[in-house]
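Shown next, in structure tokens, is the structure this report addresses.
There are 2 protein chains.
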Amino acid sequence: MAADSPDDLFYPVENRRSFERVSERIKDAIVDGRLKAGDRLPPETELAARLDVSRQTVREALRMLEHAGLVETPKRGSGGGTVVRNAIPETITGLFVDAMRMDSLSVDELTDARASIDALIIRFAVERLDDEDIRRLTENTAESRRLHAAGVEASMNDLEFHRVLARCSKNRIIELVANALLCVVTSILTRTPPTLEMSIKAVERHEAVVAALRRRDTEGALSEMLQHLEVVDAEIVQIAGCS
Amino acid sequence: MAADSPDDLFYPVENRRSFERVSERIKDAIVDGRLKAGDRLPPETELAARLDVSRQTVREALRMLEHAGLVETPKRGSGGGTVVRNAIPETITGLFVDAMRMDSLSVDELTDARASIDALIIRFAVERLDDEDIRRLTENTAESRRLHAAGVEASMNDLEFHRVLARCSKNRIIELVANALLCVVTSILTRTPPTLEMSIKAVERHEAVVAALRRRDTEGALSEMLQHLEVVDAEIVQIAGCS
DNA sequence: TCACATTTGTCCGTATGTATC
DNA sequence: AGATACATACGGACAAATGTG
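One line per chain: the protein sequences are A and B, in this order.
Heads up: the first sequence begins at 283 in my numbering, then just goes up one per residue.
Heads up: the second sequence begins at 283 in my numbering, then just goes up one per residue.
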């Protein structure tokens with residue numbers, strides 16, 4: 283294993299597969315900003331000709347970039363083609379869901395991580411919250427209330443509350459992780475949506491959190507949130523347990 | 283957009299591309315546990331025949347799974363082939379690094395997130411720490427001391443300290459995120475490694491954190507860690523700023 | 001050491017569906 | 001409606017790598 287040492291003199295020569303080199307070249311152009319989201323890549327045939335590889339090789343490279351969330355092919359045919367985008371957060375989210383499905387992450391770990399990240403978000407939010415954030419938060423709880431008045435549960439909107447809250451942290455890394463975990467929760471909850479009664483309890487807690495945030499009461503917001511998550515996570519454990 | 287409603291009767295018919303269906307089929311087999319890490323997939327030609335698609339289609343599907351970290355092809359030829367694995371955490375880490383390189387995440391966000399996650403880890407660690415954890419932590423600082431005695435800086439080992447600490451949280455989601463952020467830091471630091479002097483200061487702080495953890499002193503450990511990160515993050519900002 | 005089978009890596013040519021003008 | 005542009009998919013072929021006898 284000595285040859286695996288990173289500063290070994292005899293590290294492997296350029297040995298990678300052709301499509302890996304192609305993918306790397308295009309990826310570099312994207313992350314360096316020479317290609318920006320929305321830019322259209324040349325047609326596959328032209329790419330193949332300019333890179334001096336076959337079309338199959340180009341296509342395999344594009345599949346890697348596509349899964350990375352760096353390109354997509356929304357339309358075929360004339361005027362269509364492969365387009366640059368930046369969907370890395372969505373890709374990460376999808377991978378979290380996969381990891382959960384593979385049981386390489388446990389429900390306990392999920393609920394623990396969620397609670398601590400939401401606590402962390404509240405600490406950030408209290409310091410960085412602006413009027414627009416408060417407007418969004420209250421709009422979310424109001425929407426849940428409207429749904430409840432119409433007699434339907436609002437679990438998806440309740441989950442959205444936590445996304446809106448995550449944005450208040452003004453930190454996109456925290457937001458990204460919080461969102462990924464929320465999507466995992468969503469993937470569990472879609473099987474067995476909560477009852478109207480549970481949804482009402484949830485929005486009451488959410489409103490209490492917003493009220494505490496409004497008066498910059500960190501401890502109050504934390505306390506309400508943790509009690510809320512205790513209830514919700516108990517449901518999640520139950521749903522995940524019987525599947 | 284009414285047709286996008288999930289419970290619409292006339293949702294789109296099976297319209298995805300062929301390689302996406304192939305990739306999904308294999309992925310399902312992996313996440314459902316019918317294929318386990320280490321299992322060998324059938325040869326591409328056999329897969330193509332059994333799925334009734336061309337080999338090109340199979341290969342494009344494999345490239346998606348490969349980027350997801352679900353398969354790899356370590357060897358070609360006889361006895362080689364595509365093998366199942368679970369490298370989702372590594373894939374997520376790589377995507378964080380990409381996102382950082384694309385400037386879609388800022389250095390401020392990185393240092394903020396890192397500090398709060400390390401604080402979170404310490405809170406978990408104080409409650410869940412066992413003797414083996416303490417042994418690993420002290421072994422890490424001792425290794426840095428040895429390197430310093432030999433006159434070389436130990437920044438890579440210092441980063442490893444945070445990885446070891448993350449494991450003490452006993453939560454693989456937290457560990458995964460912490461590790462991803464550490465890799466981003468590593469990718470910044472490799473350009474301009476810290477001086478021996480800075481490395482010594484770092485290990486002193488690390489030792490103080492371990493001492494506090496040993497006596498289950500949460501506030502002490504937090505305080506040492508936050509002061510430590512303040513110094514380190516200042517360096518990171520400086521390095522990242524002049525690139 | 002030398003064939004030999006296996007399996008991936010890569011290329012070419014062709015046909016087809018789809019979207020734009 | 002027809003021509004054009006482009007991705008999707010198929011088939012066949014050969015090179016290169018790897019393990020086996």
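Where is the CB? At the ideal position from N, CA and C, for every residue including glycine.
A quick note: this is a predicted structure, and the numbers were derived from the prediction, not measured.
**Message:** Using only CA atoms, which one of Gly-502/B, Arg-298/B, Arg-299/B lies nearest to Ala-226/B?
**Reply:** Look at the range of chain B in this structure, 283 to 525, and you will see that residue 226/B is not part of it.
**Asked** Comparing the C-beta of Ser-398/B with each C-beta of chain A, is any distance below 8 Å?
**Response** Yes - at least one Cβ of chain A is within 8 Å of the one on Ser-398/B.
**Asked** With a cut-off of 8 Å, do at least 3 Cβ pairs link the stretch 354-369 of chain A to the stretch 377-395 of chain A?
**Response** With the cut-off at 8 Å, the stretch 354-369 of chain A and the stretch 377-395 of chain A do not touch.
**Item:** Against chain A: residues of the stretch 365-387 of chain B by CB proximity under 7 Å
**Value:** Against chain A - using a Cβ distance shorter than 7 Å - the residues of the stretch 365-387 of chain B are Asn-368, Ile-370, Thr-373, Ile-374, Leu-377, Asp-380, Ala-381, Arg-383, Met-384, Ser-386, Leu-387.
**Request:** Please confirm whether Val-466/B and Leu-392/B have their CB atoms less than 8 Å apart.
**Result:** Taking 8 Å as the cut-off, the Cβ atoms of Val-466/B and Leu-392/B count as close.
**Message:** One question on the structure: do Arg-345/A and Met-346/B come within less than 8 Å of each other, judged by their Cβ atoms?
**Reply:** Their beta carbons are under 8 Å apart, which means Arg-345/A touches Met-346/B by this criterion.
**Message:** Rounding to the nearest angstrom, what Cα-Cα distance links Leu-317/A and His-349/B in this structure?
**Reply:** Their Cα atoms are separated by approximately 21 Å.
**Asked** CB-CB under 8 Å to Pro-288/B, same chain, minus the five flanking residues each way: which ones, in chain order?
**Response** Note on Pro-288/B: pLDDT 45, under 50, position unreliable in the model; the coordinate value appears next. If we look at Pro-288/B and ignore the five residues flanking it on each side, it has no Cβ neighbours.
**Asked** Any residues in the stretch 324-347 of chain B with a beta carbon nearer than 7 Å to a beta carbon of chain A? Which ones, in chain order?
**Response** Cβ contacts with chain A come from Gln-338, Arg-341, Glu-342, Arg-345, Met-346.
**Item:** Val-353/B, DSSP secondary structure in three states
**Value:** Correct three-state label for Val-353/B: strand.
**Prompt:** Going along chain B, which residues have a C-beta under 9 Å from Asp-412/A?
**Reply:** Using a Cβ-Cβ cut-off of 9 Å, Asp-412/A is close to nothing in chain B; its nearest Cβ partner there is about 17 Å away.
**Same chain only: Cβ atoms within 6 Å of Glu-517/A, ignoring 5 sequence neighbours per side** = Closer than 6 Å at the Cβ level, and outside the excluded window around Glu-517/A, lies no residue.
**Message:** With the cut-off set at 8 Å, would you say Asn-422/B and Val-459/B are in Cβ contact?
**Reply:** The answer is no: Cβ separation not under 8 Å.
**Prompt:** Roughly how many angstroms lie between the CA atoms of Arg-299/A and Val-340/A, to the nearest whole one?
**Reply:** Distance between the alpha carbons of Arg-299/A and Val-340/A is about 12 Å.
**Option nearest Leu-508/A by Cα separation, candidates Ile-404/A, Leu-464/A, Val-519/A, Arg-496/A** = Looking from the CA of Leu-508/A, the closest CA among Ile-404/A, Leu-464/A, Val-519/A, Arg-496/A belongs to Ile-404/A.
**Asked** So, is Glu-342/B buried or exposed, given that buried needs 16 or more other C-beta atoms within 10 angstroms?
**Response** The residue is buried, with at least 16 neighbouring Cβ atoms inside 10 Å.
**Item:** Interface residues of chain B facing Val-492/A [CB-CB closer than 7 Å]
**Value:** Per Cβ cutoff of 7 Å: no residues; Val-492/A is ~22 Å from chain B at best.
**Message:** Against chain A, does His-444/B count as a neighbour if the rule is that its beta carbon must be under 8 Å from one of theirs?
**Reply:** Taking Cβ atoms only, chain A never reaches closer than 8 Å to His-444/B, which makes this a no.
**Prompt:** Is the beta carbon of His-430/B sitting closer than 8 Å to the one on Ala-436/B?
**Reply:** In this structure, Ala-436/B lies closer than 8 Å to His-430/B by Cβ.
**Prompt:** Can a CB atom of chain B be found closer than 8 Å to the CB of Asn-537/A?
**Reply:** Summary: the structure shown does not reach residue 537/A, with chain A confined to residues 283 through 525, and so no result is reported for it.
**Request:** Measure from the alpha carbon of Glu-225/B to the alpha carbon of each residue in Ala-330/B, Leu-387/B, Leu-352/B, Ser-505/B, then state which is nearest.
**Result:** Nothing about residue 225/B can be read from this structure; chain B reaches only from 283 to 525.
**Request:** Label Ser-360/B either buried or exposed according to how many other C-beta atoms from any shown protein chain fall within 10 Å of its C-beta, with 16 as the threshold for buried.
**Result:** Answer is exposed; the Cβ neighbour count stays below 16.
**Asked** So Arg-498/A packs on Val-408/A, CB below 8 Å; how close in whole Å?
**Response** About 5 Å separates the beta carbons of Arg-498/A and Val-408/A, which is inside the 8 Å limit, making them a contact pair.
**Message:** Whole angstroms are fine: how far does the CA of Lys-452/A sit from the CA of Leu-377/B?
**Reply:** Spanning the two alpha carbons is a distance of roughly 20 Å.
**Message:** In whole angstroms, give me the CA-to-CA distance for Ile-312/B and Asp-415/B.
**Reply:** Here the alpha carbon of Ile-312/B sits roughly 32 Å from the alpha carbon of Asp-415/B.
**Request:** Please go through the stretch 393-427 of chain B and give each complete beta strand (DSSP E) segment of 3 or more residues, from N-terminal end onward.
**Result:** Taking 3 residues as the shortest admissible run, the stretch 393-427 of chain B contains no complete beta strand (DSSP E) segment at all.
**Message:** Between His-349/B and chain A, is the shortest Cβ-Cβ distance under 8 Å, so that the two count as touching?
**Reply:** Against chain A, the CB of His-349/B has a partner CB under 8 Å away; the residue lies at that interface.
**Message:** Helix, strand or coil for Val-434/A? Go by DSSP, reduced to three states.
**Reply:** Val-434/A falls in the coil class under three-state DSSP.
**Request:** Rounded to whole angstroms, what's the CA-CA distance from Ser-481/B to Asp-440/B? Just pull it up for me.
**Result:** If you take the alpha carbons of Ser-481/B and Asp-440/B, they lie about 8 Å apart.
**Item:** Beta-bridge partners of Gly-363/B, as assigned by DSSP
**Value:** DSSP lists Lys-357/B as partners of Gly-363/B.
**Asked** Does Ala-311/B come within less than 8 Å of chain A when only Cβ atoms are used?
**Response** False, the Cβ-Cβ gap to chain A never drops below 8 Å.
**Item:** Span of the alpha helix (DSSP H) around Val-467/B
**Value:** Element bounds for Val-467/B: 454-471.
**Request:** Could you confirm whether any beta carbon from chain B is found closer than 8 Å to the beta carbon of Ala-431/A?
**Result:** Not an interface residue.
**Prompt:** Would Ile-518/A count as contacting chain B if we go by Cβ distances under 8 Å?
**Reply:** Answer no: the Cβ-Cβ gap between Ile-518/A and chain B never drops below 8 Å.
**Asked** Any idea if Pro-476/B is buried or exposed, counting beta-carbon neighbours within 10 angstroms, 16 or more meaning buried?
**Response** Pro-476/B should be labelled buried.
**Rounded separation between Ala-522/A and Ala-484/B - CA only** = Counting only the Cα atoms, Ala-484/B lies some 43 Å from Ala-522/A.
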